[in-house]
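This report refers to the structure that appears directly beneath it.
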């Protein structure tokens, strides 16, 4: 969803693809906790995408492809290729996957960030997409802004929830 200033906000379980057609640079923005943000960028074609995944793999038959690492990455690649991206030119940024819960009772929730990161790395490996930047783990959420003009990502660490 566009904020009007060329910034597209990608919410949980969403995928967004932007293309720079000589206009002003567009941005992709998301806020991540244990979720993982995968930014795929093809500088040559000016096509960039972001997936905000919540879980490592699809459960049952969910139609929300953007929610899972194993479905979001192929869906994002397909949409980018339709807009002219070439798989051999695509690079990845991997962000998020924090451990947001410090209490010991929920071991499953504590490792979900790590599992999301591992699943994303595995899928990117299957498509031979190199990860050129990674900031994952830790205990704090992050706001991430990808600028398609510079091809860089800026990260703001959020206050830890106690």
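Numbering (our numbering), first residue to last: 1 to 162.
The C-beta atom is built at its ideal place from N, Cα and C for all residues, glycine as well.
Predicted model only: the values in this text are computed from it and were never measured.
Spanning the alpha carbons of residue 92 and residue 54 requires a straight line of approximately 18 Å. By a beta-carbon distance limit of 8 Å, residue 146 contacts residue 50. Their separation comes to about 7 Å.
Comparing alpha carbon positions, the residue from 95, 116, 153, 129 closest to residue 141 is 95. Bounds of the beta strand (DSSP E) holding residue 143 are 142 to 147. Judged by DSSP in its simplified three-state form, residue 98 adopts coil rather than helix or strand. In terms of Cβ geometry, residue 40 and residue 80 form a close pair [threshold 8 Å]. For residue 71, no beta strand (DSSP E) run applies; the uninterrupted alpha helix (DSSP H) run containing it begins and ends at 69 to 82, by DSSP.
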